[in-house]
Amino acid sequence: MFDTYLPIPYLIGGGQISNVFYDVSDPEEPIVTFDENLKDLGYGTKLLIDAVGGLETETDQVKIDLSRANRWGVVKFGVKFDTRDASGGGAPLDLVIGGLPGVDVGLFDEGPWETDFNNTVGGYYADNKGILKALTALGSTRADFPDDGRVEIEEDIISVYAMQTIDMDWGNIILGLRIEDTEYKTVGSKLVGAVFEPLSFKNSYTNVLPSAHINWDFREDTKLRLSFSTGISRPSYIEARAAAAIDPIGMAIGGGNPELEEETSWGIDAAYEWYFADASVLSVTLFHRAIDNVIASSNEKVLGSIYSDIA
286 MFDTYLPIPY LIGGGQISNV FYDVSDPEEP IVTFDENLKD LGYGTKLLID
336 AVGGLETETD QVKIDLSRAN RWGVVKFGVK FDTRDASGGG APLDLVIGGL
386 PGVDVGLFDE GPWETDFNNT VGGYYADNKG ILKALTALGS TRADFPDDGR
436 VEIEEDIISV YAMQTIDMDW GNIILGLRIE DTEYKTVGSK LVGAVFEPLS
486 FKNSYTNVLP SAHINWDFRE DTKLRLSFST GISRPSYIEA RAAAAIDPIG
536 MAIGGGNPEL EEETSWGIDA AYEWYFADAS VLSVTLFHRA IDNVIASSNE
586 KVLGSIYSDI A
């Protein structure tokens, strides 16, 4: 579970400063000056932005493991059922904008901003806890998630595995197979024209993941290990959510993609180990990894007004 609540006073308006001068010829010592005192400026528009975000996740797991000796060594079986439900919004953050109650943030000055640059603008530290107490005293409360930012996620994973250890005079061989079946559902919203409409998306996939390991004991103090492995990495709830978070201040919209596929990988490893003294080992390892369906963020320009009237 994660939960974020950050009320941010946002003061905007033009024409408050005069005789602005700037010099950025030295990027390590930029200079910006004006006649007025920063904390004494009068702003035409005073807003309060509630940055809210959170996902509450409930998880239930049932796992059974069995093992039995056989003529080759030991065989192990297992099954696990994993169900997860998450609900919330603002993943990672939603910005809810309203009017700022009658709080003079300039009264919460805690001294000049300490910086390696020139603080010629008169930046200062603010007592954020004090501002929050003042806002609370005036009846300000945490904003709820906007409807277009709400999200619900359900995920069910069933996995079974079998592993056989084969004992040899020179070491052992371990062969394994894991099968994972994933069902995923996310409920959020989709922008159709200029209207957000409910969106429900389901996805499912099954992965077969073999593995093999060879442990070869050349001598009591020298070993060679060879392995082949496969794996998957599912998209995070934030990456696969069916919702978008609007940031009118940063002029950005961040959303998930419920059609994301899982990342798949395979790899080989080879390691030589020499135990040349007590509690001492010299190891040389070579490895190779290949990853498909790599998940990454992408950016493109869109018309902000289709998401929000204030964008």
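Take our numbering: the last position of the sequence shown gets the number 596, and nothing is skipped along the way.
Glycine residues also receive a C-beta, built at the ideal position from the N, C-alpha and C atoms.
None of the values given here were measured: they were computed from a predicted structure.
With contacts defined by Cβ atoms closer than 8 Å, threonine 450 and glycine 358 form a contacting pair.
Contact check for alanine 562 against valine 436 fails: the beta carbons are separated by 8 Å or more. CA-to-CA, the gap between isoleucine 531 and leucine 378 works out to about 9 Å. For asparagine 488, DSSP records a beta bridge to Tyr469.
The C-alpha of phenylalanine 393 lies about 26 Å from the C-alpha of proline 533. By the Cβ test, the stretch 507-522 is in contact with the stretch 545-557, since at least three Cβ pairs between them sit closer than 8 Å. Residue pairing by DSSP places valine 436 opposite Gly373 in a beta bridge. A contact between stretches requires three or more CB pairs, one per stretch, nearer than 8 Å, and the stretch 335-342 meets this requirement with the stretch 286-294.
With fewer than 16 other beta carbons inside 10 angstroms of its own, arginine 353 counts as exposed. Taking C-beta atoms as the reference points, lysine 475 and lysine 487 fail to come closer than 8 Å. The alpha carbon of lysine 365 has as its nearest neighbour, out of Asp441, Gly391 and Gly387, the alpha carbon of Asp441. Setting aside the 5 residues that flank it on each side, isoleucine 499 is surrounded in the same chain by Ile458 and Leu511, each with a C-beta closer than 6 Å to its C-beta; the list follows chain order. Per DSSP, leucine 351 lies in no alpha helix (DSSP H) segment; the continuous beta strand (DSSP E) that holds it begins and ends at 330-354. Less than 8 Å divides the Cβ of aspartate 335 from the Cβ of arginine 427. Bounds of the alpha helix (DSSP H) holding isoleucine 523 are 522-525.
Annotation for glycine 415: the continuous alpha helix (DSSP H) segment containing it runs 413-422. Between lysine 331 and leucine 296, the beta carbon gap of about 5 Å places them in contact (Cβ cut-off 8 Å). Separation of threonine 405 and glycine 535 (C-alpha to C-alpha, rounded to the nearest whole angstrom) is 24 Å. A residue is called buried when at least 16 other Cβ atoms come within 10 angstroms of its Cβ; glutamate 314 does not meet this threshold and is exposed. Of the residues assessed, isoleucine 438 falls on the buried side of the cut-off, its CB having 16 or more other CB atoms within 10 angstroms. Rounded to whole angstroms, glycine 298 and leucine 326 show a C-alpha spacing of 10 Å. With a cutoff of 8 Å on beta-carbon distance, glutamate 395 and alanine 411 are scored as near each other. Classified as exposed, proline 312 has fewer than 16 neighbouring CB atoms from the shown chains inside 10 Å of its CB. If you draw a straight line from the Cα of arginine 526 to the Cα of threonine 491, it comes to about 20 Å. The C-beta separation of aspartate 433 from phenylalanine 481 comes to about 4 Å, placing the pair in contact by the 8 Å criterion.
Nearest Cα to alanine 575 within the set Leu567, Ala556, Tyr560 and Ser550: Ser550. The bridge partners DSSP lists for tyrosine 409 are Pro397. Judged by beta-carbon spacing, methionine 453 lies beyond the 8 Å limit of lysine 361, meaning their Cβ atoms are not closer than that value. In this structure, DSSP gives lysine 365 an extended state, which the three-state scheme calls strand. Secondary structure at valine 566: strand, using DSSP grouped into helix, strand and coil. If you compare the alpha carbons of Pro483, Tyr557, Arg463 and Phe503 with that of serine 514, the shortest gap goes to Arg463.
Excluding the 5 residues flanking it on each side, proline 431 has same chain C-beta neighbours closer than 7 Å at Asp379 and Val381, in chain order. One thing to note: valine 445 has its Cβ within 8 Å of the Cβ of glycine 363.
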